[in-house]
Amino acid sequence: MEVAFMMRGITGKWLLSVVVTMTIGLLLLGTASYQVVTGHFASFVGKNLEDRTRTYASLLSEDFSQQTLEHIRRMERGSGRWVYLFQPSGQLYDGSEQKDTALIDAVRGRLQDREGTQRHRLTLPGSQRPALMVASPFAPSGKEAGTVVVILEMSWLTATFRSLEALILLAGVGALSIGGGIALLLSRRTVRPILDIRNAAVQLAHGDYRTRIPVRGNDELTSLGERMNELAQSLDYYRSSRRTFLSEISHELRTPLSYLKGYTALLEERDLSEQKSRRLKRVIREQTDRLERLVEDLVTLSRLDEGKLELNKERISPTRRIQKVIRELEPHAEKKGVQLRWSGRVNEGLWFDPVRFDQILINLLDNAIHHSEAGSEVEVTLSPSPEANWIRIEVKDRGVGMEAEELERIWERFYRVEKSRSREHGGSGLGLSIVQRLVNLHQGSIEVKSQPGEGTIFVMEFPVAASGGIRGGRSC
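470 is the number that UniProt numbering gives to position 470 of the sequence shown; each next residue is one higher, with no gaps.
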């Protein structure tokens with residue numbers, strides 16, 4: 001089926017175009033070669049016959065005798081040429097041994113009353129074979145002038161030309177066959193990457209995202225194959241991410257919903273104590289907050305992916321925003337036995353969406369609290385950046401830290417360093433992904449440093465705001 005497709009597809013079209021082009025070229029070349037060769041050869045034969053005829057006329061002019069005529073007859077005997085001598089009246093003087101009346105009449109009819117050598121083509125009577133006739137006048141001293149005519153039978157030349165035609169045709173067929181075979185091999189080699197790409201596209205269309213195209217060389221098809229492989233890799237990654245997303249989001253929704261369903265059923269019991277009722281209501285409120293945060297994170301990610309997240313930027317004081325966020329999170333940190341501290345102060349402001357600034361800081365601090373042990377500290381440091389007109393914000397915890405391979409994946413959605421522990425504390429694995437996207441949207445940068453057992457530091461830098469906007473910026 002592949003061969004049939006190749007012959008119907010690009011290979012067949014390419015091969016057909018090559019064959020047609022070669023056929024036209026060979027026809028033109030063969031025709032031109034044939035015309036040149038036959039023309040030159042026929043001209044050579046005609047000129048040779050003219051020279052011979054003029055030589056005979058010269059001999060006869062010098063010595064018009066029986067001895068000269070006998071000499072001429074001996075020279076032409078068995079040569080396929082006939083020699084005739086005509087008087088000015090058209091009557092035959094003398095000729096070769098052949099006395100073909102019809103031929104003599106045909107020659108006499110072509111003799112013209114003019115000086116110089118004449119050349120004519122004629123057909124031999126009876127045999128209908130082609131012949132060439134050359135007539136040249138001679139004038140012996142003291143005798144009446146006449147015309148010597150030499151006739152050459154040309155069937156051998158026609159046969160030679162036909163042999164040449166057959167040879168040119170055979171050579172053309174051979175060249176076409178060889179050229180077509182080479183073109184077929186080259187076309188198969190050229191089209192093979194296209195077929196590989198086509199087959200890969202079909203497999204991708206059927207959901208086989210693990211297929212890869214073998215790439216060889218360094219041309220446009222190789223580049224296309226590499227792009228197709230990148231596409232397949234991306235599709236495979238996104239399919240895996242989608243499965244992970246659906247699995248994770250279903251689990252994230254199932255856990256708080258199970259809490260809500262179970263604790264709501266307990267609240268419906270009439271003999272609950274006031275203390276137990278308050279505890280159940282607190283759990284329901286916490287799980288409701290957890291669901292609300294999850295939905296907000298999903299909405300934020302969706303808007304970020306679509307490029308539709310609206311930013312209401314204004315000049316803000318990072319010092320005041322950090323103080324506000326720490327006050328809001330202190331009760332949550334105290335429940336875990338973690339102390340929140342902050343240090344540093346800057347006079348410059350940031351051109352930022354205040355809601356998104358708080359969201360960034362809350363996500364980083366919440367992540368630090370979740371990964372810190374009771375009795376430890378989480379510190380926020382605010383300082384000018386070593387680069388002019390930039391502000392640095394650091395969030396540091398003294399938790400368990402992370403391995404190098406874990407650092408490479410922390411920005412992925414739903415990735416957790418300790419999955420069971422993160423779920424226990426309500427972490428969805430979306431916070432850091434959102435943080436990175438929001439930092440980039442505000443022309444900032446973020447990096448993370450961590451060592452196992454020594455904690456983790458998130459370092460962010462943002463351009464300071466001049467009056468009415470950003471004072472300095474750099475690409476992220």
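The beta-carbon is built from N, C-alpha and C at its ideal position, and this holds for glycine as well.
From the DSSP output, in three-state form, read off His206 for me. Within the sequence shown, numbered from 1, the residue matching residue 206 stands at position 206. Three-state DSSP puts His206 in coil, outside helix and strand.
So, does the region 150 to 161 touch the region 174 to 187, judging by three or more C-beta pairs under 8 Å? no
By the 10 Å Cβ neighbour count, where 16 or more other Cβ atoms means buried, how is Val202 classified, buried or exposed? Taking the first residue of the sequence shown as 1, we reach residue 202 at position 202. Answer is exposed; the Cβ neighbour count stays below 16.
Less than 7 Å between C-beta atoms, sequence neighbours within five positions excluded: which residues of the same chain meet that for Ile168? The sequence position of residue 168 within the sequence shown is 168, counting from 1. Same-chain partners within the cutoff: Gly30, Ser33 and Tyr34.
DSSP-derived helix/strand/coil call for Ile213: Taking the first residue of the sequence shown as 1, we reach residue 213 at position 213. Ile213: coil per DSSP, three-state reduction.
What does the Cβ neighbour count give for Val107, buried or exposed, with the cut at 16 atoms within 10 Å? Here residue 107 corresponds to residue number 107 of the sequence shown, with the count starting at 1. That one is buried.
Taking a contact to mean a Cβ-Cβ separation below 9 Å, would you say Leu432 touches Trp411 in this structure? For this step, residue 432 is matched to residue 432 along the sequence shown. For this step, residue 411 is matched to residue 411 along the sequence shown. Cβ atoms of Leu432 and Trp411: closer than 9 Å.
Helix, strand or coil for Asp397, going by three-state DSSP, please let me know. Taking the sequence shown and counting its residues from 1, the one referred to as residue 397 is at position 397. Note: Asp397 maps to strand in three-state DSSP.
So for Phe64, helix, strand or coil by DSSP? Indexing the sequence shown from 1 puts residue 64 at position 64. Here Phe64 sits in coil by DSSP.
By DSSP, does Trp14 sit in helix, in strand, or in coil? Residue numbering aside, residue 14 sits at position 14 when the sequence shown is read from its first letter. Helix.
Buried or exposed for Ser58, going by 16 or more other Cβ atoms inside 10 Å? As a first step, residue 58 is located in the sequence shown; it is residue number 58 there, counting from the start. Exposed, since its Cβ has fewer than 16 Cβ neighbours within 10 Å.
Which one or two residues does DSSP pair with residue 523 in a beta bridge? Nothing about residue 523 can be reported from this structure: the residues present for the chain run from 1 to 476 only.
Where does the unbroken alpha helix (DSSP H) through His370 begin, and where does it stop? As a working mapping, residue 370 is identified with position 370 in the sequence shown. First-last of the alpha helix (DSSP H) with His370: Pro354 to His370.
In three-state DSSP terms, what is Gln35? Residue 35 sits at position 35 when you count from the first residue of the sequence shown. Reduced to three states, the DSSP call for Gln35 is helix.
Would you call the region 317 to 336 and the region 354 to 366 touching, i.e. three or more CB-CB distances under 8 Å? yes
Out of Thr55, Arg356 and Ile322, state which residue places its alpha-carbon closest to the alpha-carbon of Ser383. Residue numbering aside, residue 383 sits at position 383 when the sequence shown is read from its first letter. Ranking the options by Cα distance to Ser383, first place goes to Ile322.
By Cβ distance, which residues of its chain are closer than 7 Å to Arg81, with the 5 residues on each side in sequence left out? As a working mapping, residue 81 is identified with position 81 in the sequence shown. Counting only Cβ-Cβ distances below 7 Å, and skipping sequence neighbours, we find Val150, Ile151 and Leu152.
Would you decide whether Arg421 is buried or exposed? Buried here means 16 or more other CB atoms lie within 10 Å of its CB. For the purposes of this step, residue 421 is identified with residue 421 of the sequence shown, where counting begins at 1. In this predicted model, Arg421 has a pLDDT of only 43, less than 50, meaning its place in the structure is not dependable enough to derive any value.
Report the partner residues of Met133 according to the DSSP bridge assignment. Along the sequence shown, one-based indexing puts residue 133 at 133. Met133 pairs with His120 and Ile151.
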